[in-house]
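Notes follow the structure.
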Ligand SMILES: Cc1cc2nc3c(=O)[nH]c(=O)nc-3n(C[C@H](O)[C@H](O)[C@H](O)COP(=O)(O)O)c2cc1C
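The following block contains the structure:
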């Protein structure tokens, strides 16, 4: 471990890590986070205005989304040589403050973190069917290990469990399609063109892809061409953990980020399926699938991306100024 002096001020590294975390995935691309750069710490705050109040009133997917950004920022700091101590939900009187990254020390760049930062820039959600090539068992092992290292777990579903999941996803889709508030919320997040949030038509399939487990019906067709393939080679994993509380959801988001970046490095495409978690009844079905050993957070479809066709374009993001507040360090000239 080296203790060389960093060639750039800490506050620059903090601001850059927060900006890099802007690549993180979030439900419906809501990006419900805001960073505050302090002279010796970085704070992550939730932005409730971008919570899915109809689909996610408890804030499970909100915290999962913020957790992916937290993991991205941690990795970006490690890639620049900074270690930190993360306090999650550090102030019970201030529940909007999700995390504080402090006690920063320059210890030398972490090579694995550097590789994962590159993956942040190429990772994306590709909702088309996957190729017929099976996902190598070693890749699934590495993805599961990345999840475990962040304190959550991933169960790869067997054929019977995938059939149960398919039925649950179909049921969740029907429940959600029948709810006017959910339809309105989905319509809002799929018509945000030009705002840097939400899902533009280019990333949504032009027609429903053939999948074993029904994908989310976004209520409108996009313009992403979908081939005739079927994703029968896809593997479905259930991300879960010991508790169903905001701090474990945040950690599950960190695990999701770790899994997805690892998958990207290994050429495995990941699509989260959250409809089954949003609907109370199907969330309970997933809990039964886990036979009571934990609480389900998210389903992940994993498969090898179709090598024949280029993936969808990147989903837009908010401008850095909208998610990173540097006012506390600008005034002091840190
Ligand atoms: C917690 C969470 C839940 C998600 N649920 C779904 C889903 O149900 N269906 C889907 O197609 N994409 C889902 N996504 C993917 C997001 O829509 C995607 O990450 C976001 O639009 C940003 O696009 P990108 O991943 O291509 O950068 C989810 C992402 C997260 C973090």
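Numbering (the working numbering), first residue to last: -16 to 317. C-beta: ideal position from N, C-alpha, C; glycine also. No experiment lies behind these values; they were computed from the predicted model shown.
With respect to 8 angstroms, is the separation between the Cβ of residue i and the closest non-hydrogen atom of ligand 3 below this value?
i: residue 11; result: Looking for ligand 3 in the displayed structure turns up nothing; the ligands present are ligand 1.
Taking only the alpha-carbon atoms, compute the straight-line gap between residue i and residue j and give it to the nearest angstrom.
i: residue 262; j: residue 165; result: 11 angstroms
i: residue 59; j: residue 173; result: 30 angstroms
i: residue 30; j: residue 22; result: 22 angstroms
i: residue 130; j: residue 237; result: 8 angstroms
i: residue -14; j: residue 46; result: Since pLDDT at residue -14 reaches only 37, below the 50 mark, its modelled position is unreliable, and no value is offered.
i: residue -2; j: residue 91; result: 18 angstroms
i: residue 122; j: residue 299; result: 29 angstroms
i: residue 265; j: residue 272; result: 10 angstroms
i: residue 152; j: residue 158; result: 10 angstroms
i: residue 289; j: residue 181; result: 25 angstroms
i: residue 252; j: residue 126; result: 12 angstroms
i: residue 118; j: residue 139; result: 12 angstroms
i: residue 212; j: residue 111; result: 9 angstroms
i: residue 301; j: residue 137; result: 30 angstroms
i: residue 50; j: residue 170; result: 25 angstroms
i: residue 72; j: residue 234; result: 11 angstroms
i: residue 208; j: residue 142; result: 29 angstroms
i: residue 190; j: residue 295; result: 14 angstroms
i: residue 205; j: residue 192; result: 12 angstroms
Determine the DSSP secondary structure at residue i, reduced to helix, strand or coil.
i: residue 252; result: strand
i: residue 304; result: helix
i: residue 275; result: coil
i: residue 230; result: helix
i: residue 58; result: helix
i: residue 297; result: coil
i: residue 24; result: strand
i: residue 70; result: strand
i: residue 262; result: coil
i: residue 5; result: helix
i: residue 312; result: helix
i: residue 31; result: helix
i: residue 17; result: strand
i: residue 43; result: helix
i: residue 11; result: helix
i: residue 209; result: coil
i: residue 215; result: coil
i: residue 64; result: coil
query = Counting pairs of beta carbons, one from the stretch -8 to 9 and one from the stretch 50 to 66, are three or more of them closer than 8 angstroms?
reply = yes
request  = Answer yes if the stretch 211 to 225 comes into contact with the stretch 276 to 284, meaning at least three C-beta pairs across the two stretches below 8 angstroms, and no otherwise.
outcome  = yes
query = Touch check for the stretch 267 to 279 and the stretch 222 to 235: three-plus C-beta pairs under 8 angstroms?
reply = yes
message = So, does the stretch 241 to 260 touch the stretch 94 to 111, judging by three or more C-beta pairs under 8 angstroms?
response = yes
request  = Scan the stretch 83 to 113 and note each continuous alpha helix (DSSP H) run of 4 residues or more that stays entirely inside, going in chain order.
outcome  = 94 to 105
task = Could you name each continuous alpha helix (DSSP H) segment of 4 residues or more that falls completely within the stretch 132 to 203, going from the start of the chain to the end?
result = 142 to 160 and 163 to 172
query = Are at least three pairs of beta-carbons, each pair with one atom in the stretch 196 to 209 and one in the stretch 138 to 153, less than 8 angstroms apart?
reply = yes
query = On the three-pair Cβ rule with 8 angstroms, is the stretch 73 to 93 touching the stretch 34 to 43?
reply = no
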